[in-house]
Each structure stands twice: as structure tokens, then as C-alpha cells.
Amino acid sequence: MRSLWKGAISFGLVNIPVRMYAATEDKSLSFNQLHRKCHTPIRYIRHCPTCNSEAPPEEIVRGYEYGNRGYVILEEEDLTDLPSPTLKAIEIRDFIDLAEIDPIFYRRSYYLEPVEGAGKPYLLLLQAMQHSGKVALGKITIRARESLCCLRVYGDLLSVVTMYYPDEVRAVESLKRVQDRSEVTPAELRMALQLIENLSTPFEPDKYTDEYRHALLQLIHSKAAGHQIHQAPSTAPLAEDVVDLMAALEASLHNIEKVKKREENREETVRVGRATGDQRRKD
Amino acid sequence: MNELLVRIDERQLKLTNIDKVLWPDEGLTKGDLIRYYTAVADRLLPHLKGRPLTLTRYPNGITGTMFYQKNLPAHAPDWLPTYTIGDPPVRFLLAEEPATLVWLANLATIEIHPWMSTVDHPNNPDYAVIDLDPAEGTTWDDVVQIAELVRVLLRELGLEGFPKLSGASGIHIFVPLAAQYTFAQTSAFVGFLGQLLARAYPEKATTERSVNKRYGKVYIDHLQNLPGKTIVAPYVPRPIPGAPVSVPVAWDELKEVSPRQFRLDQPQMMLQRPREFDTMYNLRQSLDAVLPLIDDN
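Same order as they appear, the protein sequences are chains D and P.
The opening residue of the first sequence carries number 149 in the numbering used here; numbering runs sequentially from there.
The opening residue of the second sequence carries number 10 in the numbering used here; numbering runs sequentially from there.
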């Protein structure tokens, strides 16, 4: 695992240097878009309709659409002066019960690893949190963005979950509700409760897999096995000397295939030989 | 008492907690690790000589939290040679004698990663590593086949390479060099080999950085040659179940061995490994003929 961030947990007067690692990874498959004709990956061009030309990165600036009056341009220098109070630190503000936080607030989890020499204060905070059963609320800055976070114990490590600010959680007032509570009868409720009871099990995350991804991977592998792999033509021409090397490699690959074929053939001959032998004995 | 005073050459060392289990599935302890490092010291030390070391320590065994150690702790005995470099300065350990290995093993150091350069020329590696890292969906035969192709390429370029099992699932091929190239050059050299392989055999070889695009292929990692990157030394055990060891193999043996065949509990097997790998540093090969090809590509 590669650490994303090195900073410190600040807790009262104590500073605990830690390294942060992403706790989860997204495993969904991503695809490239290819040109159907030649299977070359499509390249996106940043095009300016006014100048009718391609805009190179150095000519691109950040603009914030300000009502319908146009854009406010923000340069890199404008942003550096903004306050970023928790610079590479997790600043603990309050301790609360985990159950008080609705999961809707959670964004992403990270593991925290003690930096060399920080073992003792790290362990102290971890054990104190274990004993109290509380989790810490605080602020963390990741990639120049400050966010609310919850620091908690995960196994024998500290972990931190970034959280949405309350004004980022959308209001539910406009959604429709069921008005008439008499629509559910006590008998129906009892039955539903019974069903829940029957289906109740301990949480075993290993039971659940992403079946769509598995099926998709299988499809890809079977297409690959059927030699339906499409090579984009290489864009750079090879130098003379490199062509020699390629030829040597290709010749060697060819040899390997020949040897494999020969071995397969030999196996076949052996099998045939044995079959005839058996027949002869029968005769 | 779980404490033991030992004498190695003229050094006196206190071993602590030697019953601490490091590989729980095999029940292999810190005592086994110390025994192993003592047994292979003569084989291992030539690969560490004069090279600053990065250590991976597993105080609670391979399933517990680990940490990398570059900076030698203040409590380290003063007979240990060190090399200080960088800003902020980092005091690296140098291993010159068996007692150092015992001291390291006693700290639950499982892996030892030496620099690819020595303190005489810290910015000029004296070998390049071609790291073959099989992704999911590949077989050992695939890795061996790519290694064979590397051998062909090296031969075409007039270079000799020396393979070792990574101990996990791959193969590391060391190419000893005269210490006159930069890390950027050795890395570009291996990158170039990787590109050729991926071009010649796109079904099985890849230089793709993103892990999920490597399925079914062997990744040729040239970035291992960048400064500060290190690769596990030969004869060093790996912190994975089975306690496999990274060992030198002869080219012709590759097909017959299995990737985790050599284990910590058989140090005598290490002593019977072919010698070529251990003396390869004498071969100070030149990249002068290869480097001009790379820019053209």
C-alpha cells in the first residue's frame, strides 16, 4: 500500500504523526474508447470554438460561472492565499458515540499508521478510545480540501472516515411520504417482522461479491482466449537497430511455440501408440 | 527467561523474545529467523556490502503491523557502520559482518533491501533490475517464458543477466553494470526492454502501470530502478505464508523450480545454490551501446 498523506493527529497538546492509506478501493472495470475502424484509443482534443483551435493546457484557466453575468477567473496564485487551517493534520474537536452519526454522512475510509517514534501516543489514543467506546469528530485536509471527519478504532489501528458537511446532505422535505398510517395492519407487521427474524444472520461480508464484474471479466477473458484481442497500431516507428531486437524476440517466441507444438504432437503419438497396443492385446 | 546472550565473532548480542512467532501458519519464530540469517550470512553479505539498507520490520509477525526502517534508531550499538545522506539526514545501516544480520533479525527484520548503488558512487547503480511481476491470471510458465525472452534480448545486446526468484510470485533479473550510469539511465534501459517485450508479445507482457489492466500478463517494472527504490536482496525471506526466500536460480533451472520452493526452514538449500549470482558484481557491463537506441524509440 502506498500512503496518501503524512501528517499528524492533534489531540489536546499531543501530536501523533501518522501516515494515511486509503482503506477501500473501487474494483469496477474501466474501458477505453477505441475507434471501431482501427482500434486506436480515442484522443480527446480541447477545442476552443471562438479561436477554432486546440487549446493547450497552459492556455486553460479556471473560471467560475457567476450568475449569468459571465465568469470569474481564478488563477493558481489566488488560491494559495486561502486559509487552510488544518494543514496536513487531523484536528480532534469532540468525542461522541459512533451510533449518533447517520451513515449518510460517510464519504471514504482511510487507515492511519503510526510514524516511527509515534507509537506510544498512538497506542494511548487507541486504547483510550477503545475503553471509552467513543469516536472522535474533527477536521482533516486531503488534497487542499478541508472536510469533516470521524476518527475511530478499526481492529488494532486507528482509522478516519471523511464526512459530508450537513449542508452537503440534501434535504428530504420535497420527497413524498405515505400519509395514511392505517394502511399497514398489525398482522401484516407481525408477518414482516417474522420474515426479518428468519433472514437475520451475522454480517459476513465475504458472502457478497460483485457478480456483474465477475461475469464481465469472464466475458473479457473468454474473448481474449479466442484471440479476439485487438492491437492498436503502434504510433512510433521502430529504429533499425530496434527492429533487429524485435526480430530476435519474435524468432525466439516462434521457437517456443514450435517446441510446444512438438511436445503436444509427441503426447498425441504416445496416446495413439498406447491405444493400438491395447487393441492388439485384445485381438 | 526469554533472553539469550550470544557471541558472534567479537560482538556480544542480547537476543530477546526469540519464541515470538513471525510466520503463524508455519509456527516459525524469531529464533528461526536468527538461525536462518546466521546460516546464510556468508552468501548474503556480499550482496549488502557497502550498500545502505532499508529494512522491513514485523515486530508482531507477518500478520501484524509492519514498518520500513531507513534511519537507524539511536539505541543501535555503536559498532554498526552507517552512512548518512540526504536532507533531512538519514542514517542508513551498512551490513559488513554476520553479527549485523543477527542484530537485525533480533529486531524482527524480515526483509533487507540494499541500495542498487554503493556508498562509493551513491548516484550510480552498479546493477539494473528487471522486475517481472505476474498479474492475476498468469501461470509460472508465463513468467518463465517472459524471463526467457529477457535473456534473448540481453544476449542480443551483448549483456548478461542473472535471475533470482522473488520468493513471492515473480522473477528478478539483475544486470550488473559499471557504476557509471544514473538511475534515470538504468530505469530507461529496463523501460526500453519492457516496451520491446510488450510489443513483441502483447498477449503476455505489459508495461501497463495500472494494476487492473494487467490481467493475464507479466508486468515488467522498470520503475524499481529509480533512486530510493530498492528490491529485496537474494537469500532474504519474504513476509508471506510459507516463509519463502528470494534465491538465485540458474537460467536453465527456471522451468523446473516453483516460485516459492525455497523456504526459511531449509537454510542448507541456500548454500547449494549456483554461485554465479554471488560473483556477478565483477562483471562491470556497459550500456553505451544500448542507451543511444532508447532515444530513437
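Think of the CB as a built atom: it goes at the ideal place given N, C-alpha and C, for glycine as much as any other residue.
Quantities reported herein were computed from a predicted structural model and do not represent experimental measurements.
Rounded straight-line distance, which links the Cα of residue j to that of residue i
i	j	result
Leu-206 of chain P	Gly-265 of chain D	44 angstroms
Leu-296 of chain P	Leu-186 of chain P	8 angstroms
Glu-239 of chain D	Ile-164 of chain D	11 angstroms
Thr-357 of chain D	Thr-65 of chain P	33 angstroms
Arg-210 of chain D	Glu-224 of chain D	9 angstroms
Leu-401 of chain D	Glu-165 of chain P	14 angstroms
Lys-23 of chain P	Ala-108 of chain P	11 angstroms
Ala-83 of chain P	Val-99 of chain P	12 angstroms
Arg-272 of chain P	Gln-233 of chain P	24 angstroms
Ala-137 of chain P	Pro-131 of chain P	14 angstroms
Thr-234 of chain D	Leu-116 of chain P	The predicted position of Thr-234 of chain D is uncertain, since its pLDDT is 48 and thus under 50; a value taken from the coordinates is nonetheless stated next. One C-alpha to the other measures close to 36 angstroms.
Gly-251 of chain P	Arg-282 of chain P	19 angstroms
Gln-278 of chain D	Val-301 of chain D	7 angstroms
Ala-170 of chain D	Asp-28 of chain P	34 angstroms
Val-256 of chain P	Ile-43 of chain P	18 angstroms
Leu-81 of chain P	Pro-61 of chain P	11 angstroms
Phe-253 of chain D	Pro-353 of chain D	21 angstroms
Tyr-45 of chain P	Gln-275 of chain D	36 angstroms
Pro-205 of chain D	Tyr-219 of chain D	19 angstroms
Leu-222 of chain D	Glu-213 of chain D	11 angstroms
Val-391 of chain D	Ala-209 of chain P	11 angstroms
Gln-270 of chain P	Gly-176 of chain P	8 angstroms
Ala-387 of chain D	Gly-40 of chain P	56 angstroms
Phe-171 of chain P	Asp-142 of chain P	16 angstroms
Tyr-77 of chain P	Val-263 of chain D	10 angstroms
Val-199 of chain P	Asp-51 of chain P	30 angstroms
DSSP bridge partner residues for residue i (one or two, in chain order)
i	result
Val-128 of chain P	In DSSP, Val-128 of chain P forms no bridge with anything.
Asp-230 of chain P	P:Asp-140
Gly-59 of chain P	Its beta-bridge partners do not exist; DSSP assigns none.
Ile-221 of chain D	D:Gly-211
Gln-294 of chain P	P:Leu-186
Val-49 of chain P	Val-49 of chain P is not bridged to any residue.
Pro-286 of chain D	First, the residue type needs correcting, since residue 286 of chain D is Gly and not Pro in the sequence shown. Paired residue(s): D:Ile-240, D:Cys-297.
His-402 of chain D	Paired residues: none, contrary to the question.
Pro-251 of chain D	Its beta-bridge partners do not exist; DSSP assigns none.
Residue span of the beta strand (DSSP E) that contains residue i, given as start and end
i	result
Lys-264 of chain P	Looking at the DSSP string, Lys-264 of chain P is not in any beta strand (DSSP E), and its letter there is neither H nor E.
Asp-242 of chain D	237-245
Ser-165 of chain D	Looking at the sequence shown, residue 165 of chain D is not Ser but Pro. Per DSSP, Pro-165 of chain D belongs to the beta strand (DSSP E) from 162-170.
Arg-247 of chain P	Where Arg-247 of chain P is concerned, there is no enclosing beta strand (DSSP E), given that its DSSP letter is neither H nor E.
Arg-218 of chain P	Neither: Arg-218 of chain P is in no beta strand (DSSP E) and is coded neither H nor E.
Gln-270 of chain P	Per DSSP, Gln-270 of chain P belongs to no beta strand (DSSP E) and is neither H nor E.
Met-311 of chain D	305-311
Leu-323 of chain D	Note, Leu-323 of chain D: premise wrong, no beta strand (DSSP E); not H, not E.
Trp-32 of chain P	30-32
Glu-264 of chain D	Glu-264 of chain D -> no beta strand (DSSP E), and no H or E assigned at all.
Ala-156 of chain D	153-159
Glu-212 of chain P	Note, Glu-212 of chain P: premise wrong, no beta strand (DSSP E); not H, not E.
Gln-78 of chain P	76-78
Glu-294 of chain D	293-302
Leu-14 of chain P	12-17
Enclosing alpha helix (DSSP H) for residue i [first to last residue]
i	result
Met-278 of chain P	276-280
Ala-276 of chain D	267-280
Gln-21 of chain P	Premise fails: Gln-21 of chain P lies in the beta strand (DSSP E), 20-25, not in any alpha helix (DSSP H).
Ile-344 of chain D	334-347
Contact belief for residue i with residue j at Cβ below 8 angstroms, rounded distance in angstroms
i	j	result
Met-279 of chain P	Val-254 of chain P	7 angstroms
Ser-307 of chain D	Tyr-259 of chain D	5 angstroms
Pro-134 of chain P	Tyr-190 of chain P	7 angstroms
Leu-235 of chain P	Ser-267 of chain P	That pair is no contact at about 30 angstroms.
Leu-202 of chain P	Ile-139 of chain P	6 angstroms
Cys-298 of chain D	Ile-249 of chain D	6 angstroms
Leu-145 of chain P	Leu-292 of chain P	Leu is not the amino acid found at residue 145 of chain P; the sequence shown has Glu there. At roughly 35 angstroms, the Cβ-Cβ gap does not stay under 8 angstroms, so Glu-145 of chain P and Leu-292 of chain P are not in contact.
Tyr-313 of chain D	Arg-255 of chain D	Wrong, their Cβ atoms sit about 10 angstroms apart, outside the cutoff.
Exercise. Note down, one range per segment and in chain order, each beta strand (DSSP E) of at least 3 residues found wholly within the stretch 156-202 of chain P.
Key: Segments of the beta strand (DSSP E) lying fully in the stretch 156-202 of chain P: 171-174, 180-185.
Practice problem: At 3 residues or longer, and completely inside the stretch 93-142 of chain P: list those beta strand (DSSP E) runs for me, N to C. | Solution: Every beta strand (DSSP E) of 3 residues or more that sits fully in the stretch 93-142 of chain P is shown, in chain order, as 99-102, 118-123.
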